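The next block holds one structure in the form of structure tokens; read it before the comments.
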Amino acid sequence: MRAILVSRLGGPEVLEAAELDDPVAEPGRTLVDVTAAGVNYADTHRTDGSYRAAVVLPFVPGTEVAGVGPDGRRVVALLFPGGGYASRASVADGDLVEIPDKVDDASALALLVQGLTAWHLLRGSARLSQGETVVVGAASGGVGTVAVQLAAQFGAGRVIAAASTAQKRERALRLGADVAVDSAADGYAERILEATSGRGADVILDSTGGDTLAAALGGLAHYGRLISYGNASRQGRAPVDPGALADRNTSVGGFWLRPALDQPGGFREPLSELLTLVADGRLVLPPGPSYPLGDARRAHEDLLARRTTGKVVLTV
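In the UniProt record's numbering, the protein residues as written are 1 to 316.
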């Protein structure tokens, strides 16, 4: 089968096209003919060795695939620890979900990591309550485009989109954000406070880390919660002073999707809910860039350079 293999840790340059043996069918697993594979920031962390879980070399990256099962059904699936950047994949039966007819491959893939992350961030980690104000960082990215819409679906009173360019902020506004602000660390808290008439936000979702996370803390309202779920800046861990948090009784939480999926009701139920929202037209997933499987290196380069919006997909 065709695949992308990582034999050494590093940047996009370590992604190499390869011909590998097809996976072997095992009890409790299904062989899927892959039609598309999703690309995530986590894939770049696995490739350069900065992912929170260790990787074993060599490996095929990719934790999400859409394709066709042996019975002809269109399915979408999660793969841990990887194996998605390939023309065939072996998937645990419990990690397969059928794709509704009205949902295309790219949209289904966008719901696996990005969609489920947004769902769990708002429902589980932030415990969003009716009428609260939510700031969605990286609002034009894969998680952000879903989180902006889900926050409103889940009862947020005000959704503030934070993004790095005017074009990305305009995109978030078209998706339903009430206001959009520049996400640059310098002045970030002040812009959040201005957008909330000085009150601050009840929830801030941050995937950038570093200076941006540190700046965002100043934009929290009393009893506000900042949820960190990534470190796209590749900066060191931002120091958090418990004393400063106590000044307004704020809190900082961390989120990682993988253990959330292992909780009862953590995977199939929220994914089915998200697929239904897309099929019904209540959740819009703007198209992102698509690359042939052999261009995985370029896909990673564009993702890291923030040249992409929406879901990045490799077509097989």
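Ideal placement from N, C-alpha and C gives every residue a C-beta, glycine not left out. If you're wondering where the values come from, they're calculated on a predicted model, not measured in any experiment.
Scanning its chain for C-beta atoms nearer than 6 Å, with the 5 sequence neighbours on each side dropped, one finds around GLY254 the residues SER228, in chain order. Here the alpha carbons of VAL312 and LEU303 stand approximately 8 Å from one another. Counted as a single uninterrupted DSSP element, the alpha helix (DSSP H) harbouring ARG297 occupies residues 296-304. In terms of Cα proximity to LEU175, the closest of ALA147, ALA166, GLY157, ALA195 is ALA147.
Using a Cβ distance threshold of 8 Å, VAL91 and ARG29 count as a contacting pair.
Shown here, PRO242 sits in a helix according to DSSP, grouped into three states. Annotated as distal: LEU78 and ASP48, with beta-carbon spacing of 8 Å or more. For the pair of segments examined, the segment 105-123 was found not to touch the segment 158-171: the number of CB pairs separated by less than 8 Å stays below three. For THR208, the three-state secondary structure derived from DSSP is coil.
Non-local beta-carbon contacts of ALA18 in its own chain, meaning distances under 6 Å to residues more than five positions away in sequence, involve ALA3, LEU5 in chain order.
Distance between ALA177 and ARG158, taken at the CA atoms: about 8 Å.
Counting only residues of its own chain and dropping the five nearest sequence neighbours on each side, ARG199 has a CB closer than 6 Å to the CB of ALA221.
A direct Cα-to-Cα measurement between LEU116 and ASN249 gives close to 28 Å. For SER107, the enclosing alpha helix (DSSP H) stretches over residues 105-110. Looking only at GLY82, SER197, PRO286, the smallest Cα-Cα distance to LEU173 is reached by PRO286. DSSP, reduced to helix, strand and coil, places ASP33 within a strand of the structure shown. Counting of Cβ neighbours within 10 angstroms places GLU132 among the buried residues, the total reaching 16 or more.
Look at THR117 here: in three-state DSSP terms it is helix. THR44: member of the alpha helix (DSSP H) spanning 41-48, first to last residue.
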